[in-house]
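Shown next, in C-alpha cells, is the structure this report addresses.
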Amino acid sequence: GYCSPRVEPFCPPQYDLWNCWPATPPNTTVYRPCPLMTTTDVADVYGFRYCQANGTWEHGNWTNYTVCLEYLDNTHRISRILKSQ
16 GYCSPRVEPF CPPQYDLWNC WPATPPNTTV YRPCPLMTTT DVADVYGFRY CQANGTWEHG
76 NWTNYTVCLE YLDNTHRISR ILKSQ
C-alpha cells in the first residue's frame, strides 16, 4: 500500500494491513494503536516497529503487535470469567 513518499535515509513507509507506518528516522521506534481496539477500550496499548540504523525496518514488514494480542487475550479471559458468574 501507499502511505507517503519515502525520505532518505529513513525507513520507508509501510502498510501492514492494519496500520500505515510513516517514513521513520533511523534508530527510532514508532507506535500505532492496536488493531481491533474500539473507542470504548481504555487500555494504552500499541503495536510498534523499529527503524534500524541502516534505514531498514527490523524484521522486514513484520510489526510487533504482541502487547495488543496479550491485551485482547486477557480481555477475552476476563469476559468469560464474568459471564460464568
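If you want the numbering used here, it's the position in the sequence shown, counting the first as 1, plus 15. A virtual CB, placed ideally from N, CA and C, is assigned to each residue, including glycine. From a predicted model like this one, the values you see are computed outputs, not experimental measurements.
Terminal residues of the continuous beta strand (DSSP E) containing residue i?
| i | result |
| --- | --- |
| residue 66 | 61–66 |
| residue 48 | 43–48 |
Residues in its own chain within less than 7 Å of residue i by CB, not counting five upstream and five downstream?
| i | result |
| --- | --- |
| residue 33 | 50 |
| residue 43 | 66 |
| residue 24 | 41, 70 |
| residue 76 | 29, 31 |
What is the C-beta distance between residue i and residue j, in whole angstroms, given that I count them as a contact (C-beta under 8 Å)?
| i | j | result |
| --- | --- | --- |
| residue 62 | residue 80 | 4 Å |
| residue 26 | residue 72 | 5 Å |
Can you find the residues in the same chain that come closer than 6 Å, C-beta to C-beta, to residue i, ignoring five residues on each side of it along the sequence?
| i | result |
| --- | --- |
| residue 83 | 49, 60, 62 |
| residue 41 | 66, 68, 70 |
| residue 78 | 31, 62, 64 |
| residue 39 | 25, 26, 45, 66 |
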